[in-house]
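Written below as structure tokens is the structure these notes are about.
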């Protein structure tokens with residue numbers, strides 16, 4: 001793959017990582033589904049997860065909640081980047097001449 | 102893009118996303134959703150295998166990373182309610198519906214498995230709504246709007262806004278139907294409630310989608326134009 005494409009990937013990931021820095025400022029109001037579940041009395045139907053790794057986007061063991069949120073976001077960003085890239089790499093069209101450029 | 106929101110006035114808060122948790126859906130509804138999702142993903146894998154160009158490989162990783170991060174940013178919509186990006190329309194517009202669907206699935210799966218956002222049994226329904234339906238609706242509304250408004254780089258942003266709004270709205274209606282079929286909430290209650298709040302959240306989805314596409318159009322127009330077709 002061309003260097004230029006990897007440059008795009010690098011810049012893209014940096015942007016995604018930068019976005020996680022503002023995640024502690026996100027609204028903590030219930031989201032659309034949670035609001036509806038609360039207002040219409042079925043929120044209690046929700047079950048607790050069978051296990052917890054990074055619940056509520058807060059990395060366990062980190063004192064500062066803001067930092068824990070940012071770090072949780074970064075962990076997620078890196079993992080899904082790997083998954084997306086891996087899926088793309090595994091499934092890419094293998095034709096001798098990719099003439100898009 | 103969210104600078105104008107009141108979120109900045111509130112001291113440090115944690116993001117609170119909620120996908121469908123276990124318990125909201127009956128086993129039957131959750132099972133059917135799993136089967137529909139698996140069928141759609143199998144088709145998406147085949148299509149992607151035939152379409153995805155080398156240059157889109159890194160874009161798949163970047164889109165997954167950006168959408169995951171952006172989904173953490175809940176923005177206030179109204180009356181103590183927040184919303185966040187889904188990203189299905191954005192991914193589908195840039196990568197086509199099938200590769201977009203795979204990107205969305207990787208995000209939703211990691212959220213459920215690692216971050217306990219969305220249940221494990223309900224994961225099939227979350228994938229169906231946010232990966233399969235949001236990507237397909239986003240893509241086809243975008244293509245239809247392009248035909249009406251014309252296919253020029255900056256006009257396309259209008260099409261993208263409409264596509265993003267529709268993707269959230271339709272996904273929320275399908276979720277309401279799933280809740281009703283599960284007996285969690287009557288359809289006459291769930292449908293207007295979910296549709297109403299997501300009509301507002303859809304505006305945020307549209308704005309974030311347009312902002313992201315405008316940024317890419319301004320910096321790397323070739324990435325927008327190289328999007329594959331659906332078939």
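Chains as they are written, first to last, in the working numbering: chain A, 1 to 101; chain B, 102 to 332. For every residue, glycine included, the Cβ atom is placed at its ideal position computed from N, Cα and C. Every value quoted in this text rests on a predicted model; they were computed, and no experiment measured them.
I'd like to know whether the C-beta of residue 21 of chain A is nearer than 7 Å to at least one C-beta of chain B. no
Give me the chain A residues within the contact set of residue 315 of chain B, using Cβ-Cβ distance strictly less than 7 Å, ordered along the chain. Contacts between residue 315 of chain B and chain A, judged by CB atoms closer than 7 Å, are missing: the closest CB pair is about 14 Å apart.
For residue 66 of chain A versus residue 30 of chain A, is the C-beta spacing smaller than 7 Å? Going by C-beta atoms, residue 66 of chain A is not nearer than 7 Å to residue 30 of chain A.
Would you check if the region 227-247 of chain B and the region 284-293 of chain B touch, i.e. whether three or more CB-CB distances between them fall below 8 Å? no
Return the chain-ordered ranges of every beta strand (DSSP E) run that is complete within the region 108-191 of chain B and spans a minimum of 3 residues. As far as the region 108-191 of chain B is concerned, its whole beta strand (DSSP E) runs of at least 3 residues are 176-179, 182-184.
Using 8 Å as the cut-off, can you tell me whether the region 84-96 of chain A makes contact with the region 157-166 of chain B, which would need three or more C-beta pairs spanning the two stretches below that distance? Yes: at least three Cβ pairs fall under 8 Å.
State yes or no: is the C-beta of residue 145 of chain B within less than 7 Å of the C-beta of residue 164 of chain B? Their beta carbons are not under 7 Å apart, which means residue 145 of chain B does not touch residue 164 of chain B by this criterion.
Does residue 48 of chain A come out as helix, strand or coil in the three-state DSSP assignment? coil
Check residue 31 of chain A in the structure and name its three-state DSSP category. Strand, per DSSP.
For the ligand GTP, is there any heavy atom lying closer than 6 Å to the beta carbon of residue 225 of chain B? Only the bare structure without any ligand can be found here, which leaves the ligand GTP out of the picture.
What is the residue span of the alpha helix (DSSP H) that residue 231 of chain B lies within? That residue, residue 231 of chain B, is in no alpha helix (DSSP H); it is neither H nor E in DSSP.
Buried or exposed (CB count within 10 angstroms, at least 16 for buried), residue 218 of chain B: buried
Assuming contact is defined by CB atoms lying nearer than 7 Å, are residue 254 of chain B and residue 320 of chain B in contact in what I supplied? no
Verify the CB distance criterion: does residue 128 of chain B have a CB-CB separation below 7 Å to chain A? no
Tell me the DSSP secondary structure of residue 63 of chain A in three-state form. If DSSP states are grouped into helix, strand and coil, residue 63 of chain A belongs with coil.
Is it buried or exposed for residue 51 of chain A, if we count other Cβ within 10 angstroms and need 16 for buried? So residue 51 of chain A ends up on the exposed side.
Residue 318 of chain B: contacting residues in chain A (beta-carbon distance under 7 Å): By Cβ distance, chain A contributes nothing, its closest Cβ being about 14 Å from residue 318 of chain B, past 7 Å.
From the DSSP output, in three-state form, read off residue 75 of chain A for me. In this structure, residue 75 of chain A counts as helix in the three-state DSSP scheme.
Can you find the residues in the same chain that come closer than 6 Å, C-beta to C-beta, to residue 303 of chain B, ignoring five residues on each side of it along the sequence? 266, 269, 270
Leaving out the 5 sequence neighbours to the left and right, which residues in its chain are closer than 7 Å to residue 26 of chain A when beta-carbon positions are compared? none
Are the C-beta of residue 305 of chain B and some C-beta of chain A separated by less than 7 Å? no
In this structure, how does DSSP classify residue 58 of chain A when only helix, strand and coil are distinguished? In the three-state reduction of the DSSP assignment, residue 58 of chain A falls in the coil class.
Neighbourhood of residue 127 of chain B by C-beta distance below 6 Å, restricted to the same chain and skipping five residues each side: 283
One question on the structure: do residue 315 of chain B and residue 258 of chain B come within less than 7 Å of each other, judged by their Cβ atoms? Yes, the pair counts as a contact, with Cβ atoms nearer than the cut-off.
Kindly provide the ranges of any alpha helix (DSSP H) runs that are 4 or more residues long and lie completely inside the region 231-283 of chain B, ordered along the chain. 235-250, 257-282
Test item: CB-CB of residue 186 of chain B and residue 171 of chain B under 7 Å: Result yes, Cβ atoms of residue 186 of chain B and residue 171 of chain B sit closer than 7 Å.
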